[in-house]
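A.B. asks: Here this note's numbering is used: position 88 in the sequence shown is 1385, and no number is missing along the way. C-beta: ideal position from N, C-alpha, C; glycine also.
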Amino acid sequence: YFSRNYEAAVEAARQAIRACPDFPLAYRWLAAALGQTGRADKAKEALENAIAIAPSSFEMYVRGLAPWMCPGDRAHILEGLRKAGWQG
1298 YFSRNYEAAV EAARQAIRAC PDFPLAYRWL AAALGQTGRA DKAKEALENA IAIAPSSFEM
1358 YVRGLAPWMC PGDRAHILEG LRKAGWQG
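1. What's the C-alpha gap between residue 1336 and residue 1381?
2. Kindly indicate which three-state DSSP category residue 1358 falls into: helix, strand or coil?
3. Between residue 1379 and residue 1340, what straight-line distance do the alpha-carbon atoms span, to the nearest angstrom?
4. Just curious, the alpha helix (DSSP H) that residue 1383 is in, first and last residue?
5. If you follow the alpha helix (DSSP H) that residue 1365 is part of, which residue opens it and which one closes it?
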């Protein structure tokens, strides 16, 4: 995702979801990557799944409380999530 190879990010996220369907991070990455590629309907579906699976985790992630993420990467993922329909 961060290398801006969104198609590869979509495929990696889908593989992660197949392997572990309750892992919310994979849905966040899928939503952001699909958002960046303009596939809004699928991106929104992935976004809704990410929030439904772990709402407090999603909130922590998007509010910048994840200390391991550098600000530029955080801005990039938030851009993708907004394109997926996130209103934050």
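C.D. replies: Straight from the coordinates:
1. Taking the first residue of the sequence shown as position 1, residue 1336 is located at position 39. Taking the first residue of the sequence shown as position 1, residue 1381 is located at position 84. The C-alpha of residue 1381 is placed about 8 angstroms away from the C-alpha of residue 1336.
2. Taking the sequence shown and counting its residues from 1, the one referred to as residue 1358 is at position 61. In the three-state reduction of the DSSP assignment, residue 1358 falls in the helix class, which pools H, G and I.
3. Position 82 of the sequence shown, counted from the start, is the residue given in the question as residue 1379. Position 43 of the sequence shown, counted from the start, is the residue given in the question as residue 1340. Those two C-alpha atoms are separated by around 10 angstroms.
4. Taking the first residue of the sequence shown as position 1, residue 1383 is located at position 86. Counting along the chain, residue 1383 falls outside any alpha helix (DSSP H), and DSSP gives it neither H nor E.
5. The sequence position of residue 1365 within the sequence shown is 68, counting from 1. Per DSSP, residue 1365 lies in no alpha helix (DSSP H) segment and is marked neither H nor E.
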